[in-house]
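Student: Let me give you the structure first, and then I'll get to my questions.
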Amino acid sequence: MTANLPEGTSRRTLLKVVAAIPLAFTFGLVASPLLRYLRPTIGPLDLTQPSDQPQALKDVIFTDSDFPEPWTCIPFTFSQTYKEYNPEGQEVRNIPGFIVNLPTGEKVAYSRICPHLGCIFNFVKDPQECLKGYNFLPQGPVFACPCHFSVYDIAQGGKVVSGPAPRPPRSFSLVTQGDKIIVKSLEAGGIA
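Listed below in structure tokens is the structure:
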């Protein structure tokens with residue numbers, strides 16, 4: 782007994798379609814985990830959702846008058862929210878930072894968390910103090926970690942000049958609006 786097929790459809794074509802249905806279903810089941818792997822910060826099958834990268838809880842704002850001279854260094858705390866699957870739906874992390882006025886007038890900001898093992902480092906303005914406390918004589922003011930004596934040259938973009946740290950500390954992005962300097966976001970990454 783043969784089934785009546787629509788005109789122009791062969792039995793082979795019909796069998797191919799019937800065999801493809803389970804394959805299409807299987808690929809559909811694999812699509813959601815694959816998309817989560819490719820874009821881990823979105824919900825399942827929600828490709829239009831914005832990514833849930835860390836966001837600033839509030840801006841940290843300074844003015845030009847906060848920096849009366851070169852090498853003025855001001856500590857601050859930057860609050861950042863992270864999407865979490867907990868009752869609050871987020872976690873707030875407070876990241877200590879330094880903003881420094883370079884001799885060129887440029888302002889730079891760095892996280893105070895040492896990329897070696899996560900200690901909080903200090904601003905050392907006097908090179909002789911750095912030599913006494915950290916066993917390294919820099920050319921100018923530096924950041925220096927008291928845990929394992931890593932020293933970062935601020936004038937060279939936070940370059941590691943002494944110690945075991947694998948890289949410079951994470952930097953903050955700054956936006957200037959008139960006489961205001963706004964700390965907007967933190968460079969992605971973590972310890973080591």
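Residues in the sequence shown are numbered from 782 upward in steps of one, following this note's numbering.
Positions of the beta carbon are idealized from the N, C-alpha and C atoms, including for glycine.
For L967, does the count of other Cβ atoms within 10 angstroms reach 16, so buried, or fall short, so exposed?
Tutor: Label assigned to L967: buried.
Student: Secondary structure at T829, three-state DSSP: helix, strand or coil?
Tutor: If DSSP states are grouped into helix, strand and coil, T829 belongs with coil.
Student: On the DSSP bridge assignment, give the partners of D934 in chain order.
Tutor: Looking at the DSSP assignment, D934 forms a beta bridge with V923, K940.
Student: Taking just the CA atoms, how far does L816 sit from G809?
Tutor: Cα-Cα distance, rounded: 11 Å.
Student: Taking the C-alpha atoms as reference points, what is the distance between V956 and I901?
Tutor: Computed Cα separation, rounded: 25 Å.
Student: Answer yes if the region 890-901 comes into contact with the region 935-946, meaning at least three C-beta pairs across the two stretches below 8 Å, and no otherwise.
Tutor: They touch, by the three-pair rule.
Student: Note down, in chain order, each residue of its chain lying with its Cβ closer than 6 Å to the Cβ of P884, except the 5 sequence neighbours on either side.
Tutor: Counting only Cβ-Cβ distances below 6 Å, and skipping sequence neighbours, we find P851.
Student: Starting from K913, trace the alpha helix (DSSP H) both ways and give me its first and last residue.
Tutor: Looking at the DSSP string, the run of the alpha helix (DSSP H) that includes K913 is 908-915.
Student: For R893, which residues of its own chain have a beta-carbon under 7 Å away from its beta-carbon, when the five flanking residues on both sides are left out?
Tutor: Closer than 7 Å at Cβ, skipping near neighbours: P877, G878, F879, I901, F902.
Student: What's the gap between the Cα of Q836 and the Cα of Y863?
Tutor: Each residue's alpha carbon lies about 7 Å from the other.
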